[in-house]
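Going down the list, the protein sequences come from chains A and B.
Okay, so the first sequence: first residue is 102 according to our numbering, each after it adds one.
Okay, so the second sequence: first residue is 2 according to our numbering, each after it adds one.
In what follows, a structure is listed as structure tokens, so that the remarks can point back to it.
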Amino acid sequence: MTLWSRLRSWFSAILRRSSMENEMDAELRFHIDAYAEDLIRAGVERKEALRRARIEFGGIERVKEEGRDARSANLVESLVQDLRYGASNMLRTPGFTAITVLTLALGIGATTAIFSAVNPILFESLPYPDADRIMMISDLRGDGSRLDVTFHTYRELLERNHSFEALAVTKPWRPTLTSPTQPERLDGQRVSAAYFPALGVSPALGRDFDLSDDQVNGPRVVILSDVLWKRRFGGDRTIVGRQVTLDDNLYSVIGVMPSAFENVLAPRAELWSPLQYDTRNITSVQTREWGHHLRMIGRLRPGLGSEQATQEFDTLARNPEREFPRPTWALLDQGLTVNSLQHEVTENVRPALLAVLGAVLLVLVIACVNVTNLLLSRRIRATRRTWRRAHTADPSTAHGEPASCRDGRGRRPGGGETRRTGVNCAQPSGAATRRRHRCKWHGARFRIVGDHADRAGGRIDSGTARVPQ
Amino acid sequence: MDKQLDLLQGTLDMLILKAVSLGPLHGYGVLLRIQQISKDRLEIQQGSLYPALYRLEHQGWIASEWGESENKRKAKYYRLTAAGKRRLQTESEKWNRMADLIAGILDTKPEEV
Numbered sequence: 102m103t104l105w106s107r108l109r110s111w112f113s114a115i116l117r118r119s120s121m122e123n124e125m126d127a128e129l130r131f132h133i134d135a136y137a138e139d140l141i142r143a144g145v146e147r148k149e150a151l152r153r154a155r156i157e158f159g160g161i162e163r164v165k166e167e168g169r170d171a172r173s174a175n176l177v178e179s180l181v182q183d184l185r186y187g188a189s190n191m192l193r194t195p196g197f198t199a200i201t202v203l204t205l206a207l208g209i210g211a212t213t214a215i216f217s218a219v220n221p222i223l224f225e226s227l228p229y230p231d232a233d234r235i236m237m238i239s240d241l242r243g244d245g246s247r248l249d250v251t252f253h254t255y256r257e258l259l260e261r262n263h264s265f266e267a268l269a270v271t272k273p274w275r276p277t278l279t280s281p282t283q284p285e286r287l288d289g290q291r292v293s294a295a296y297f298p299a300l301g302v303s304p305a306l307g308r309d310f311d312l313s314d315d316q317v318n319g320p321r322v323v324i325l326s327d328v329l330w331k332r333r334f335g336g337d338r339t340i341v342g343r344q345v346t347l348d349d350n351l352y353s354v355i356g357v358m359p360s361a362f363e364n365v366l367a368p369r370a371e372l373w374s375p376l377q378y379d380t381r382n383i384t385s386v387q388t389r390e391w392g393h394h395l396r397m398i399g400r401l402r403p404g405l406g407s408e409q410a411t412q413e414f415d416t417l418a419r420n421p422e423r424e425f426p427r428p429t430w431a432l433l434d435q436g437l438t439v440n441s442l443q444h445e446v447t448e449n450v451r452p453a454l455l456a457v458l459g460a461v462l463l464v465l466v467i468a469c470v471n472v473t474n475l476l477l478s479r480r481i482r483a484t485r486r487t488w489r490r491a492h493t494a495d496p497s498t499a500h501g502e503p504a505s506c507r508d509g510r511g512r513r514p515g516g517g518e519t520r521r522t523g524v525n526c527a528q529p530s531g532a533a534t535r536r537r538h539r540c541k542w543h544g545a546r547f548r549i550v551g552d553h554a555d556r557a558g559g560r561i562d563s564g565t566a567r568v569p570q
Numbered sequence: 002m003d004k005q006l007d008l009l010q011g012t013l014d015m016l017i018l019k020a021v022s023l024g025p026l027h028g029y030g031v032l033l034r035i036q037q038i039s040k041d042r043l044e045i046q047q048g049s050l051y052p053a054l055y056r057l058e059h060q061g062w063i064a065s066e067w068g069e070s071e072n073k074r075k076a077k078y079y080r081l082t083a084a085g086k087r088r089l090q091t092e093s094e095k096w097n098r099m100a101d102l103i104a105g106i107l108d109t110k111p112e113e114v
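Now the structure itself:
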């Protein structure tokens with residue numbers, strides 16, 4: 102059946118609330134009228150008939166309430182009721198509440214704090230557009246460990262590969278900025294022309310490097326970071342085109358990076374200048390161009406994965422071309438590795454961060470266990486108290502309120518003839534507390550608790566039957 | 002003096018399903034039909050009928066639609082669904098088995114033990 106009919110019933114209960122109420126009204130009124138008419142036909146006077154019909158029907162409001170319950174239309178109401186009950190419970194025991202809240206707050210707070218610190222590194226992608234396409238490429242030693250690439254290897258891969266739309270190499274650079282005020286040693290990077298395009302960023306002010314900048318003996322140009330620009334040049338927008346002195350050479354400032362730019366490969370770098378390595382002389386091996394000292398990154402073409410790139414680079418590594426001779430220390434005979442930049446920059450800290458996250462999660466679990474223990478011990482004490490009261494004093498004052506159900510409003514259903522036969526409000530379920538309140542409303546009606554609660558959707562069925570003599 | 006029987010939990014559902022299985026009925030009609038079948042030996046408390054009807058409808062065992070009553074008034078009629086028919090069948094079997102069992106136990110005489 103019945104999932105569908107239940108869902109439909111819920112939806113109609115929520116969406117067609119007022120029409121459902123009207124229908125219920127009409128239906129119950131029809132019942133009472135029909136019964137009254139029958140009574141009139143049997144010779145009862147009209148007014149008396151209506152009165153008796155109403156009385157024998159029982160409380161209309163109560164029937165409606167149970168009708169709504171039966172259709173689960175009262176989900177929201179019972180939720181609100183539970184919340185209210187919970188809140189009043191908490192206010193009754195402020196000490197207990199304070200300790201519980203504090204414990205949970207500490208656990209949750211610590212977890213949240215650590216998670217917010219760890220999240221950008223472990224789980225969020227790098228702060229670049231399509232960051233998952235940015236790869237880092239390394240040479241491999243004979244033992245499988247990674248090795249920086251040489252400039253000529255980069256040149257060969259740049260010429261031969263089809264997987265990357267941009268490939269770039271970089272090395273650290275520590276120039277000294279001299280000015281009338283004070284000289285300062287700065288962290289920076291020498292980069293090939295495609296470095297910023299590979300990351301997917303471009304200067305906020307001025308222009309990016311182009312190929313004519315990145316040539317041996319090329320122009321001395323520099324791009325500044327936003328921080329350096331503001332600190333040393335007061336954020337002056339006319340900086341582009343001006344000259345600054347770095348290591349006793351004059352460099353033209355051609356651009357300033359945006360303030361939001363984060364340089365994960367060299368977080369402290371404040372200025373960038375073209376690499377300007379010599380692309381000729383590939384055969385002379387005693388040059389810096391054949392030294393393993395460059396880090397290489399690349400931006401994959403859209404739709405390609407790192408596996409395809411790895412495969413292609415493997416093929417390139419194992420099939421040297423006459424045009425690109427290799428010295429013995431850069432034969433690429435171990436192949437190349439292609440890894441996402443994200444993986445590369447977090448690789449070393451990942452285990453430590455995961456350990457910290459795990460530890461703080463354990464703290465949260467401990468906090469939860471403590472609160473559970475508190476609740477358990479309180480429950481046990483309450484049970485013991487109830488038991489003692491129930492066995493020493495008048496049973497009607499005992500906790501659990503069966504007495505209130507028995508007394509109720511004192512009005513009996515079905516007119517004068519029906520006699521209540523039994524009351525049982527004791528319920529083992531978790532909803533016992535709320536039900537206990539409800540019992541009060543049901544006052545004058547007997548109810549049977551049975552093993553069919555499942556069929557009633559957790560509700561208690563009720564009814565009376567009598568056998569006339 | 003009235004003698005009152007506790008209607009065992011769940012039996013009201015079964016009686017309603019049975020009453021409705023004999024033909025579509027409005028709520029009051031269900032009440033009358035049960036009384037009539039029981040030859041007036043059983044009387045359902047009127048109000049308690051409706052929550053049971055709504056519950057059965059919610060569970061998909063009966064379906065309702067508005068129609069016109071004998072005296073030309075709008076009334077909501079309930080009929081048994083296919084699922085309700087199966088439900089009634091299994092419930093009846095269960096009930097009969099249980100009743101036999103209990104009756105058997107209660108009829109036991111000392112010499113039979």
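Every residue gets a Cβ at the ideal spot worked out from N, C-alpha and C, and that includes glycine.
All values reported here derive from a predicted model rather than from experimental measurement.
Chain B contact residues for residue i, given Cβ-Cβ distances below 9 Å
i: PHE131 (chain A); result: HIS27, GLY28, TYR29, SER70, ARG74, LYS75, ALA76 and LYS77
i: GLY187 (chain A); result: Within 9 Å Cβ-Cβ: nothing; GLY187 (chain A) doesn't reach chain B, min ~27 Å.
i: ALA143 (chain A); result: What ALA143 (chain A) touches in chain B: nothing, since even the nearest Cβ is about 13 Å away.
i: ASP106 (chain A); result: In the sequence on display, residue 106 (chain A) carries Ser and not Asp. Under the 9 Å cutoff, chain B gives GLU58, HIS59, GLN60, GLY61, TRP62, ALA64, THR82 and ALA84.
Residue i to residue j span [Cα, whole Å]
i: GLU146 (chain A); j: LEU23 (chain B); result: 33 Å
i: ILE467 (chain A); j: SER478 (chain A); result: 16 Å
i: GLN443 (chain A); j: PRO320 (chain A); result: 33 Å
i: THR429 (chain A); j: GLN316 (chain A); result: 26 Å
i: PHE310 (chain A); j: LEU462 (chain A); result: 47 Å
i: GLU122 (chain A); j: LYS165 (chain A); result: 8 Å
i: LEU205 (chain A); j: VAL472 (chain A); result: 8 Å
i: SER280 (chain A); j: ASN350 (chain A); result: 12 Å
i: GLY187 (chain A); j: ALA199 (chain A); result: 14 Å
i: ASP288 (chain A); j: THR346 (chain A); result: 15 Å
i: VAL21 (chain B); j: GLY196 (chain A); result: 57 Å
i: ARG42 (chain B); j: MET191 (chain A); result: 51 Å
i: ALA361 (chain A); j: LEU395 (chain A); result: 25 Å
i: LEU184 (chain A); j: THR201 (chain A); result: 17 Å
i: THR212 (chain A); j: CYS469 (chain A); result: 13 Å
i: VAL219 (chain A); j: LEU458 (chain A); result: 8 Å
i: GLY335 (chain A); j: ALA305 (chain A); result: 16 Å
Neighbour list for residue i in chain B, Cβ cutoff strictly below 7 Å
i: VAL164 (chain A); result: GLY48, TYR51 and PRO52
i: ARG172 (chain A); result: TYR55 and HIS59
i: PHE158 (chain A); result: GLN47 and GLY48
i: GLU167 (chain A); result: PRO52
Test item: CB-CB of residue i and residue j under 9 Å
i: ASP327 (chain A); j: PRO375 (chain A); result: no
i: GLN47 (chain B); j: TYR136 (chain A); result: yes
i: THR171 (chain A); j: ARG56 (chain B); result: Note that residue 171 (chain A) corresponds to Ala in the displayed sequence, not to Thr. Yes, the Cβ-Cβ distance between ALA171 (chain A) and ARG56 (chain B) is below 9 Å.
i: SER264 (chain A); j: LEU401 (chain A); result: yes
i: PHE425 (chain A); j: ILE238 (chain A); result: no
i: ILE161 (chain A); j: LEU140 (chain A); result: no
i: LEU433 (chain A); j: THR271 (chain A); result: no
i: HIS27 (chain B); j: LYS95 (chain B); result: no
i: MET358 (chain A); j: LEU312 (chain A); result: no
i: LEU223 (chain A); j: LEU455 (chain A); result: yes
i: ARG74 (chain B); j: PHE131 (chain A); result: yes
i: ALA431 (chain A); j: ASN262 (chain A); result: no
i: VAL354 (chain A); j: ARG369 (chain A); result: no
i: ASP244 (chain A); j: HIS393 (chain A); result: no
i: LEU13 (chain B); j: LEU50 (chain B); result: yes
Supposed close pair residue i, residue j - CB separation, criterion 8 Å
i: ILE398 (chain A); j: ALA269 (chain A); result: 6 Å
i: GLY307 (chain A); j: GLY356 (chain A); result: 3 Å
i: TYR229 (chain A); j: LEU300 (chain A); result: 5 Å
i: GLY85 (chain B); j: LEU32 (chain B); result: At roughly 18 Å, the Cβ-Cβ gap does not stay under 8 Å, so GLY85 (chain B) and LEU32 (chain B) are not in contact.
i: TYR352 (chain A); j: VAL323 (chain A); result: 4 Å
i: LEU116 (chain B); j: TYR79 (chain B); result: Within the shown structure, residues of chain B are numbered from 2 to 114, placing residue 116 (chain B) beyond reach of any answer.
i: THR380 (chain A); j: ARG256 (chain A); result: 6 Å
i: ALA64 (chain B); j: THR82 (chain B); result: 5 Å
i: GLN290 (chain A); j: ALA232 (chain A); result: Going by Cβ atoms, the distance from GLN290 (chain A) to ALA232 (chain A) rounds to 19 Å, so no, they are not a contact pair.
i: LEU329 (chain A); j: GLU371 (chain A); result: 4 Å
Residues that residue i contacts on chain B, provided the C-beta gap is smaller than 8 Å
i: TYR136 (chain A); result: TYR29 and GLN47
i: LEU266 (chain A); result: The sequence shown places Glu at residue 266 (chain A), rather than the Leu named in the question. By Cβ distance, chain B contributes nothing, its closest Cβ being about 59 Å from GLU266 (chain A), past 8 Å.
i: ALA127 (chain A); result: LYS75 and LYS77
Ignoring anything shorter than 3 residues or poking outside the stretch 224-277 of chain A, list the beta strand (DSSP E) runs there in chain order.
235-241 and 265-274
Could you tell me which whole alpha helix (DSSP H) segments of length 4 or greater appear in the stretch 278-312 of chain A?
296-300
Where are the alpha helix (DSSP H) runs, 4 residues long or more, that stay fully inside the stretch 419-495 of chain A, in chain order?
442-447 and 451-493
Ordered list of beta strand (DSSP E) runs contained in the stretch 65-103 of chain B, each at least 3 residues:
If only uninterrupted beta strand (DSSP E) runs of at least 3 residues are considered, those enclosed by the stretch 65-103 of chain B are 75-81.
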